[in-house]
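First up is the structure itself, then whatever we jot down about it.
Set out below in structure tokens:
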């Protein structure tokens, strides 16, 4: 016959109770940039293991200086991303009136495409036809890959802090 | 048998104590879900009211204050910052002519985007992008969100890749500190964020859109007139120079590249010029400030491969 002592019962209950508390507390953040990279190590030289997009939600596992270890929702892959790509706010696409009100009264939501947005840019262009965006659009196409950066560092005999 | 075991599982004598403990432990679990300041304020004000310390109206006013979050340039999301930056960039590139040289621009982007990755703000909404301007002025300008411009005149002050890296890292420093956004008049920031806050439909009404566009236009003009005519404060320039030193060291460049570039710039700036002569502290004073952090000047020793690629890209600049 198993007989548990009351002190052990209390210990067991504390243990059981602590678990749901942890589950509630698991912090989530959103990707606040158009495209983000999840890396194998907390460094700009870390290998890119996954890519994330604007509005994606991630679980926060660990923080190390400006680097945050995250797990993507619906994935098992984990990795590091710089905190400049993250916000605690939930990003709402196609915001309705209720979202707007919540966003105005709290710091929990960010409304995608609101405020200074594509719509305002179009209006601005219409009113300032002489301001040409052609070169700005061209500039945005100057994109450098992770591979090119690593090659550039190596060829230039540059040894970043912390090494490769 | 099973009933007997269940009966003995918990000693009836301690049962009330166990129930009380379960309730006590459940309370913090419940509260941990209510993370917002507002909830905590509500709990606090309810408590204040219940013990007679606060009247209803006092409690309401405290709750309202905690809701009215102070608005500042930091409340612009990276996406909004991006649209501001695009407009600022468009104004700059319309004032100056772009230098349409594929090889030189590709090199500046490779170097600049490498440096940006090592900054304190490697991720902006749509990344960092660099463009050379076809001008003899000695100037470099950065738009919020990471559009960075550098004139041929300033590139001619750079005698090594380390020096070019220093100029670009300084501009990345301005982006990192959101100096552009800070040039927007506070009243405009408030007005813009207020319009967003009161907006109630999926798309703006004509009046809201007109107001917001007017505020947008004003914000762009605040930033461009600071960048082109007035310049940032000395404090912002010093911060950007220090960020440059940090970035250069992280990547492996010699921060003396910044000193060498400033020494050349000093000999070339024309008094009364409408470029760095007008918008930046004197190279001499910048060098003095930088040397407080990096020590005495030591000549940059650049490996020949690095020098070779620098010359290949910018020899004819």
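Residue numbers (our numbering), protein chains in the order written: chain A, 629 to 792; chain B, 31 to 347. Heads up, the beta-carbon is just placed ideally off N, CA and C, and yes, glycines get one too. None of the values given here were measured: they were computed from a predicted structure.
Using the beta-carbon count (16 or more within 10 Å), is residue i buried or exposed?
| i | result |
| --- | --- |
| residue 342 of chain B | exposed |
| residue 188 of chain B | buried |
| residue 108 of chain B | buried |
| residue 327 of chain B | exposed |
| residue 757 of chain A | exposed |
| residue 721 of chain A | exposed |
| residue 3 of chain B | Chain B is shown from 31 up to 347; residue 3 of chain B falls before or after that span and cannot be answered. |
| residue 656 of chain A | exposed |
| residue 69 of chain B | Residue confidence is low: residue 69 of chain B scores 38 on pLDDT, short of 50, so the model does not pin down where it sits. Its coordinate-derived value is still stated next. Answer is exposed; the Cβ neighbour count stays below 16. |
| residue 171 of chain B | buried |
| residue 236 of chain B | exposed |
| residue 249 of chain B | buried |
| residue 777 of chain A | buried |
| residue 144 of chain B | buried |
| residue 671 of chain A | buried |
| residue 204 of chain B | buried |
| residue 259 of chain B | exposed |
| residue 765 of chain A | exposed |
| residue 196 of chain B | buried |
| residue 785 of chain A | exposed |
| residue 135 of chain B | buried |
| residue 66 of chain B | A caution first: residue 66 of chain B carries a pLDDT of 35, below 50, which makes its placement in the model too unreliable to give a value. |
| residue 313 of chain B | buried |
| residue 286 of chain B | buried |
| residue 104 of chain B | exposed |
| residue 212 of chain B | buried |
| residue 240 of chain B | exposed |
| residue 731 of chain A | buried |
| residue 75 of chain B | Unreliable positioning characterises residue 75 of chain B in this predicted model, as indicated by a pLDDT of 40, which lies under 50. A coordinate reading is not provided. |
| residue 332 of chain B | buried |
| residue 276 of chain B | buried |
| residue 185 of chain B | buried |
Looking at the unbroken alpha helix (DSSP H) that takes in residue i, where does it start and where does it end?
| i | result |
| --- | --- |
| residue 348 of chain B | A query on residue 348 of chain B cannot be resolved here, the shown segment of chain B reaching from 31 to 347 and no further. |
| residue 780 of chain A | 774-783 |
| residue 342 of chain B | 334-344 |
| residue 762 of chain A | 762-767 |
| residue 120 of chain B | 108-125 |
| residue 307 of chain B | 306-309 |
| residue 750 of chain A | 746-755 |
Taking the beta strand (DSSP E) that residue i falls in, what are its first and last residues?
| i | result |
| --- | --- |
| residue 324 of chain B | It is not in any beta strand (DSSP E) - residue 324 of chain B instead sits in the alpha helix (DSSP H) that spans 313-324. |
| residue 155 of chain B | Taken as a continuous stretch (DSSP letters only), residue 155 of chain B belongs to no beta strand (DSSP E), as it is neither H nor E. |
| residue 140 of chain B | From DSSP, residue 140 of chain B is part of no beta strand (DSSP E) but of the alpha helix (DSSP H) over 132-147. |
| residue 292 of chain B | Run containing residue 292 of chain B: none in the beta strand (DSSP E); it sits in the alpha helix (DSSP H), 286-298. |
| residue 171 of chain B | 170-173 |
| residue 738 of chain A | 737-739 |
Kindly indicate which residue of the options has the alpha-carbon position closest to the one of residue i.
| i | options | result |
| --- | --- | --- |
| residue 345 of chain B | B:281, B:303, B:182 and B:317 | B:182 |
| residue 709 of chain A | A:779, A:677 and A:751 | A:677 |
| residue 168 of chain B | B:178, B:300, B:121 and B:333 | B:300 |
| residue 738 of chain A | A:718, A:675, A:746 and A:702 | A:718 |
| residue 174 of chain B | B:209, B:143 and B:136 | B:209 |
| residue 150 of chain B | B:186, B:137 and B:201 | B:201 |
| residue 680 of chain A | A:727, A:700, A:779 and A:672 | A:700 |
| residue 110 of chain B | A:694, A:660, A:745 and A:788 | A:745 |
| residue 264 of chain B | B:319, B:135 and B:116 | B:319 |
| residue 124 of chain B | A:694, A:759 and A:686 | A:759 |
| residue 219 of chain B | B:293, B:252, B:315 and B:332 | B:252 |
| residue 139 of chain B | B:179, B:106 and B:120 | B:179 |
| residue 309 of chain B | B:266, B:275, B:211 and B:114 | B:266 |
| residue 334 of chain B | B:203, B:190 and B:249 | B:190 |
| residue 146 of chain B | B:158, B:135 and B:137 | B:158 |
| residue 684 of chain A | A:761, A:704, A:660 and A:697 | A:660 |
| residue 338 of chain B | A:666, A:724 and A:783 | A:783 |
| residue 755 of chain A | B:117, B:214 and B:311 | B:117 |
| residue 113 of chain B | A:711, A:714, A:775 and A:748 | A:748 |
| residue 675 of chain A | A:775, A:781 and A:780 | A:775 |
| residue 753 of chain A | B:120, B:305, B:304 and B:132 | B:120 |
| residue 238 of chain B | A:742, A:779 and A:662 | A:742 |
Continuous beta strand (DSSP E) assignments of at least 3 residues falling wholly in the region 646-728 of chain A: Runs found: 656-659, 663-667, 676-681, 685-692, 695-700, 706-710 and 718-720.
Minimum length 3: unbroken beta strand (DSSP E) runs contained in the region 175-256 of chain B: 177-181
Touching by the beta-carbon criterion (3+ pairs, under 8 Å), the region 242-262 of chain B and the region 276-293 of chain B: no
Touching by the beta-carbon criterion (3+ pairs, under 8 Å), the region 155-169 of chain B and the region 267-279 of chain B: When C-beta atoms of the region 155-169 of chain B are compared with those of the region 267-279 of chain B, fewer than three pairs fall below 8 Å, so the two segments do not count as touching.
Inter-stretch contact at 8 Å, needing at least 3 Cβ pairs: the region 770-785 of chain A / the region 685-696 of chain A: No, the region 770-785 of chain A is not in contact with the region 685-696 of chain A.
Proximal residues, the region 269-290 of chain B versus chain D, C-beta separation under 8 Å: Absent from the structure: chain D. Protein chains present are A and B.
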